[in-house]
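Chemist:
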Amino acid sequence: MNQNNISAVILAAGMSSRMGRGKAKQLLQLSGESILERVIKKIQTHPFSKIIVVVGHEREKIKSQININDPRLIWLDNDEYKLGQHHSFKKGMEASLSHQQEGVMFFLGDQPFIQNKVISRIMGNGAERLEKEQTPFAIRPHHKGRPGHPVFFGNISKLHTTWNKGGRALWRSMEEKEMIHLEDPYIHFDVDTPDDYQRAQRIVLELEKGKWEN
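The sequence shown lines up with residues 1 to 214 when you count with the UniProt record's numbering.
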């Protein structure tokens, strides 16, 4: 499988308004690492050709506090982050196209517990389809009937401008869509609120005790 033309885009530009802590949730700590750093490091272990992190709110602080040395890593500023996540999606898609990528996999910067086997499965399916197909397609995981992330879009150079309206609009417009059932409830889990953060801290403790695979 050729995975040299697949990028990972991490959407991490939000204002953390539901957290209500006066601090970027991307930098909240989980066992000595920030939430966003944890997401980036997990993605690093997979053979993406580019890792594009879209930041907006508190972006200079985020970039200064997350020190990851990887030639694939690209920080991408979104000045329109207050207008919604679809602007970050658009930025990530534009950047992937500018780097001649044919596949792009979108992650959320506040989902630190997606399992490596989920990333491998979605990425592997996408890579196989890129080798065989010429038309645009999308792949998304679901668990117990609920869709989650990450979401893979393939043959993106052949997409029309529907992606300008964001990921949800693009998914709805796709003719070729594949839903893959995966046993990972954390494809749904975003750290959005203080309660979510407390739950995330409990999950980290369970991970450190080896109670479930990550």
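For each residue, glycine too, the CB sits at the ideal point set by N, CA and C.
CA-CA distance, Met1 and Lys132?
Modeler: With a pLDDT of only 44 at Met1, under 50, the local geometry of the prediction cannot be trusted, and the value read off the model is given with reservation. Computed Cα separation, rounded: 10 Å.
Chemist: Return the chain-ordered ranges of every beta strand (DSSP E) run that is complete within the UniProt domain "MobA-like NTP transferase" (8-155) and spans a minimum of 3 residues.
Modeler: Runs found: 50-55, 73-77, 103-108, 137-143, 151-154.
Chemist: Would DSSP call Met1 helix, strand or coil?
Modeler: In this prediction, Met1 has a pLDDT of 44, which is less than 50 and means its spatial position is unreliable; what the coordinates show is noted afterwards. The answer is coil: DSSP assigns Met1 none of H, G, I, E or B.
Chemist: Can you tell me where the beta strand (DSSP E) with Ile180 in it begins and where it stops?
Modeler: Counting along the chain, the beta strand (DSSP E) containing Ile180 begins and ends at 177-181.
Chemist: Spatial neighbours of Lys91 within its chain, please: CB distance less than 6 Å, with the 5 preceding and 5 following residues excluded, ordered by chain position.
Modeler: Here the set comprises Val54, Leu76, Asn78.
Chemist: Leaving out the 5 sequence neighbours to the left and right, which residues in its chain are closer than 6 Å to Ser88 when beta-carbon positions are compared?
Modeler: Taken in chain order, the residues that qualify are Leu11, Ala13, Val54, Asn78.
Chemist: Could you give the residue range of the alpha helix (DSSP H) that holds Ser157?
Modeler: Looking at the DSSP string, Ser157 is not in any alpha helix (DSSP H), and its letter there is neither H nor E.
Chemist: Please go through the same chain and pick out, in chain order, the residues whose beta-carbon is closer than 6 Å to the beta-carbon of Glu206, but skip the five residues on each side of it.
Modeler: Excluding sequence neighbours, Glu206 sits near nothing in its chain.
Chemist: Just to confirm before moving on: does the CB-CB distance between Gln100 and Asn164 stay below 9 Å?
Modeler: Taking 9 Å as the Cβ cut-off, Gln100 and Asn164 do not qualify as a contacting pair.
Chemist: Figure out for me which residue from Ile139, Thr135, Leu159, Gly84 has the closest Cα to the Cα of Phe106.
Modeler: Per the Cα distances, Ile139.
Chemist: Phe153 and Gly109: beta carbons closer than 9 Å?
Modeler: Contact flag unset, no.
Chemist: Given this structure, state the Cα-to-Cα distance separating Met174 from Gly167, to the nearest angstrom.
Modeler: Rounded to the nearest angstrom, the two C-alpha atoms are 11 Å apart.
Chemist: Look at Leu182 and Arg121 and say whether their C-beta atoms are less than 9 Å apart.
Modeler: Contact: yes.
Chemist: Determine the direct distance from the alpha carbon of Ser96 to that of Ala24, and round the result to whole angstroms.
Modeler: Straight-line Cα distance between these residues: approximately 26 Å.
Chemist: Residue range of the alpha helix (DSSP H) that Gly167 falls in?
Modeler: Run containing Gly167: 167-173, per the alpha helix (DSSP H) assignment.
Chemist: Please state whether the Cβ-Cβ distance between Glu178 and Phe137 is less than 9 Å.
Modeler: The answer is yes: Cβ separation under 9 Å.
Chemist: Start and end of the alpha helix (DSSP H) containing Ile203?
Modeler: Element bounds for Ile203: 194-208.
Chemist: Spatial neighbours of His160 within its chain, please: CB distance less than 6 Å, with the 5 preceding and 5 following residues excluded, ordered by chain position.
Modeler: Hits under 6 Å: none found.
Chemist: Rounded to the nearest angstrom, how far is the Cβ of Ile35 from that of Gln44, given a contact under 8 Å?
Modeler: With 8 Å as the limit, Ile35 and Gln44 do not qualify as a contact, their Cβ atoms being about 15 Å apart.
Chemist: Provide the residue(s) that pair with Ile6 in DSSP beta bridges, ordered along the chain.
Modeler: Paired residue(s): Gly103.
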